[in-house]
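Undergrad: Residue numbers (our numbering), protein chains in the order written: chain A, 618 to 1098; chain B, 97 to 350.
Note that the Cβ used here is the ideal one computed from N, Cα and C, for glycine as well.
#1: With 16 other CB atoms within 10 Å as the buried threshold, where does residue 309 of chain B fall?
#2: Consider the Cβ of residue 344 of chain B: report whether some Cβ of chain A lies at a distance smaller than 8 Å.
#3: Against residue 941 of chain A, what residues of chain B qualify as contacts under a CB-to-CB distance less than 7 Å, listed in chain order?
#4: Is it buried or exposed for residue 738 of chain A, if we count other Cβ within 10 angstroms and need 16 for buried?
#5: Run through the DSSP bridge pairs and tell me what residue 313 of chain B is partnered with.
#6: Just curious, the beta strand (DSSP E) that residue 809 of chain A is in, first and last residue?
#7: Along chain A, which residues have their Cβ under 9 Å away from the Cβ of residue 214 of chain B?
#8: Where does residue 208 of chain B sit, in a helix, a strand or coil, going by DSSP?
#9: Counting only runs of 4+ residues fully inside the stretch 671-697 of chain A, write out the alpha helix (DSSP H) ranges in chain order.
#10: Who are the near neighbours of residue 967 of chain A in its chain, counting only those whose CB is closer than 8 Å to its CB and skipping five residues on each side?
#11: Just the Cα atoms here: how many angstroms apart are residue 901 of chain A and residue 866 of chain A?
#12: In terms of alpha-carbon separation, which member of B:134, B:123 and B:142 lies closest to residue 105 of chain B?
#13: Give the secondary structure of residue 116 of chain B by DSSP, where H, G and I count as helix, E and B as strand, and everything else as coil.
#14: Residue 960 of chain A and residue 984 of chain A look like a contact to me (Cβ under 8 Å); what is the Cβ gap, rounded to whole Å?
#15: Just the C-alpha distance for residue 681 of chain A and residue 1092 of chain A, rounded to the nearest angstrom, thanks.
#16: Determine the extent of the alpha helix (DSSP H) in which residue 256 of chain B is found, giving its start and end residues.
#17: Figure out for me which residue from B:289, B:254 and B:293 has the closest Cα to the Cα of residue 280 of chain B.
#18: What separation, rounded to the nearest whole angstrom, lies between the Cα atoms of residue 1050 of chain A and residue 905 of chain A?
#19: Give me the subset of the stretch 1042-1054 of chain A whose CB atoms are less than 8 Å from a CB atom of chain B, sorted by chain position.
#20: Could you check whether the Cβ of residue 140 of chain B sits closer than 8 Å to any Cβ belonging to chain A?
#21: Strictly under 8 Å for the Cβ-Cβ distance: is residue 112 of chain B near chain A by that measure?
#22: Starting from the beta carbon of residue 1069 of chain A, find every residue of chain B whose beta carbon is closer than 8 Å, and list them in chain order.
#23: Of all the beta strand (DSSP E) runs that stay within the bounds of the stretch 917-1004 of chain A, which reach a length of 3 or more residues?
#24: Along the chain, which unbroken stretches of the alpha helix (DSSP H) at least 4 residues long are found entirely within the stretch 1042-1075 of chain A?
#25: Could you tell me whether the Cβ atoms of residue 944 of chain A and residue 973 of chain A are closer together than 8 Å?
#26: Roughly how many angstroms lie between the CA atoms of residue 317 of chain B and residue 332 of chain B, to the nearest whole one?
#27: Measure the C-alpha to C-alpha separation of residue 779 of chain A and residue 773 of chain A and round it to an integer number of angstroms.
#28: Take the Cβ of residue 100 of chain B as the centre, count every other Cβ of all protein chains shown within 10 Å, and call the residue buried at 16 or more, exposed below.
#29: Spell out the partners DSSP gives residue 263 of chain B in its beta bridges.
#30: Let me see if you follow: with CB-CB separation under 8 Å, is residue 253 of chain B close to chain A or not?
#31: Quick check on the DSSP output: the alpha helix (DSSP H) that includes residue 783 of chain A runs from which residue to which?
#32: Let me see if you follow: with CB-CB separation under 8 Å, is residue 261 of chain B close to chain A or not?
#33: Am I right that residue 803 of chain A and residue 907 of chain A are in contact with their C-beta atoms under 8 Å? What's the rounded C-beta distance?
#34: May I have the straight-line CA-CA distance separating residue 236 of chain B from residue 189 of chain B, to the nearest angstrom?
#35: By how many angstroms is the C-alpha of residue 883 of chain A removed from the C-alpha of residue 688 of chain A?
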């Protein structure tokens, strides 16, 4: 008991490591949101008419929608009219060669620990960096190009591969899907596009790094991944944001399409600024991520490590349409101080013999609230559908909360659905045991937490797993006395 | 090496230790025996620095330092090792990973370079022989699903890896069959030197056939009420604790 209290008293909270911003001249849209802002963005990006029409339609839809309130999160109403919906660093002229990239930008990446030069040398990682709203440089394009793989910024894809964008944009997450998805569809600024042709196995991890730099900007990026039949790709997304007092909005949309026998692995390490220890500032992260296993025997696997954001609202989902298709969701969500996370997944079984697996590990510390919300839906014709869900919660201290909201909806009697849930506390016994072997309390917590999350961390590609481990430790630093 | 003077400790206001005095020199093995509830495990826990226990009086000097002033991890780094009666499970953390973290933190405290993976594994292989422990066990989650014997062997293996100056074995014999007892004791004996000391906390004389003590102390109601040599342990085995209890209790009532 005494220790529990102390845990909380000592919640000094580690200062956010990526809390800096570089002053750059930015090309910004006027403040607020209306039709002319959307036209402004579209013009700025030299978009074709069809895309502007699409945006405007989304905007009309959005205007008639209301913000969802069912999630177990509480935050002041966001004044969208005070936000800047588009911000591009001025120096960001498209560059083919990394040497032409603004040295100031390179400096940012270096401080993020992902210097492109370094990344270039790192075997097998191609990076598309999105800073605020514009994709600045894409590496490895040539190597990928030879295989017919397209990996570029979304704006570039609109210009160079309009037929693909037209075909797939909004096909998995319709603009009418939800409030934030509609908002994103109206004002999205940039993002990444990735196309793997039939039968091609992408030889390297594709990676995007998002970072919000300018103050008062919402970041609305859009990612579209198309994996044609019998192809494979592993995609990594990392996020950071500078520290600011006010809240910043992030409402992204990710769509994944997997053809027959195709496999897409999507990994996220999210480290947006979570607000300070008093709950001031931080990112509102309202993201819609969904994949469709369109072809038979296809597979989509989501892995996420969520350590940041003041409020997270995010449910990477799989529509298992093809027979024998597989959906997976592996998640570690850590909340500390006043953070709130409502995250989970949806597995929608439509095809026969479809399988899904959900492993969710929540870790709550401080005064944070951590909710798992998951839906497993088995449709009428989904004979022999199987699902296994495991939801574990780990509590640190006695002022945080862990909640589990599983929804199961079965319309076919052959379905087999299993749900397991556990709640545990980091034991004083465990910490003392580590201490007695000479391990400091901070390191003991890191060790225990990483052990707890191991099943999920194991799903991450090597470099990411190491970063994720460090992040977990960093997020919880100072949370135990 | 270790000097305990008039040590009093309580848990949630209830006094458990009521004035322990004990001197342990390098090269010695001390056995602490006594009936259930006499405070044996409390003494071990207080020396290791478990927080639930409050030291209300007395002092403990270890290698010239006031042990009670040190955090549990610093006591460990100074060379105090406690082999737990009930080793704790840490899911998802392999023994190897756990020990490497521990060994390197101890080394850092002592101003030594951390061991790289190769050196660490070489050291592990060498020490594994001491307690006849299987490599497979060490790649599993720490203590999770281990049998009682495996847990105790793993404790002694950790002791071998951390090379402590003072080892406290808290009822290491409980839950061990005769073969495991022999293996564990062998390990402890091989680790003994004229620079290290061992405190063996036990109920039974059985363990002391293997780990031969230089001194035997009987703890009762939070005090050491009788001290002797290994013959005292034999006597206790034969006669039980009642005669000691009676002697102490009658003295108290007089």
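TA: In brief:
#1: Classification for residue 309 of chain B: buried.
#2: It does not; no Cβ of chain A falls within 8 Å.
#3: Within chain B, no residue comes near residue 941 of chain A; the closest Cβ sits about 31 Å away, beyond 7 Å.
#4: Because the pLDDT at residue 738 of chain A is just 40, under 50, the model does not fix this residue reliably, and the point stays unresolved.
#5: Paired residues: B:128 and B:323.
#6: Its beta strand (DSSP E) spans residues 808-813.
#7: Going along chain A, no residue has its Cβ under 9 Å from residue 214 of chain B, so there is no contact; the nearest lies around 19 Å.
#8: Residue 208 of chain B: coil per DSSP, three-state reduction.
#9: Whole alpha helix (DSSP H) segments, 4+ residues: zero.
#10: For residue 967 of chain A, the CB contacts under 8 Å within the same chain, skipping 5 residues up- and downstream, are 936, 937, 938, 996, 998 and 999 in chain order.
#11: Rounded to whole angstroms, residue 901 of chain A and residue 866 of chain A show a C-alpha spacing of 5 Å.
#12: Taking only the C-alpha atoms, the option nearest residue 105 of chain B is B:142.
#13: If DSSP states are grouped into helix, strand and coil, residue 116 of chain B belongs with the strands.
#14: So it is not a contact: roughly 18 Å between Cβ atoms.
#15: Each residue's alpha carbon lies about 38 Å from the other.
#16: Where residue 256 of chain B is concerned, the enclosing alpha helix (DSSP H) starts and stops at 244-258.
#17: That would be B:254, whose Cα lies nearest to the Cα of residue 280 of chain B.
#18: Separation of residue 1050 of chain A and residue 905 of chain A (C-alpha to C-alpha, rounded to the nearest whole angstrom) is 42 Å.
#19: Of all residues in the stretch 1042-1054 of chain A, only 1044, 1045, 1046, 1047, 1049, 1050, 1051, 1052, 1053 and 1054 come within less than 8 Å of chain B when Cβ atoms are compared, listed by chain position.
#20: Contacts with chain A at 8 Å (Cβ-Cβ) do not include residue 140 of chain B.
#21: By this cut-off, residue 112 of chain B is not an interface position.
#22: Under the 8 Å cutoff, chain B gives 187 and 188.
#23: Runs of the beta strand (DSSP E) inside the stretch 917-1004 of chain A: 928-931, 934-937, 943-952, 957-966, 972-981 and 986-995.
#24: At a cut-off of 4 residues, the continuous stretches assigned as alpha helix (DSSP H) that sit fully inside the stretch 1042-1075 of chain A are 1045-1053, 1058-1069 and 1071-1074.
#25: Yes.
#26: Cα-Cα distance, rounded: 17 Å.
#27: Answer to the nearest angstrom: the Cα atoms are 9 Å apart.
#28: By the 10 Å Cβ count, residue 100 of chain B comes out buried.
#29: Looking at the DSSP output, residue 263 of chain B sits in a beta bridge with B:177 and B:294.
#30: Chain A places no beta carbon closer than 8 Å to that of residue 253 of chain B, leaving this residue out of the contacts.
#31: Following the DSSP letters along the chain, one finds residue 783 of chain A inside the alpha helix (DSSP H) bounded by residues 779-785.
#32: False, the Cβ-Cβ gap to chain A never drops below 8 Å.
#33: Incorrect: roughly 18 Å between the Cβ atoms, too far for contact.
#34: Rounded to whole angstroms, residue 236 of chain B to residue 189 of chain B spans 8 Å at the Cα level.
#35: Rounded to the nearest angstrom, the two C-alpha atoms are 24 Å apart.
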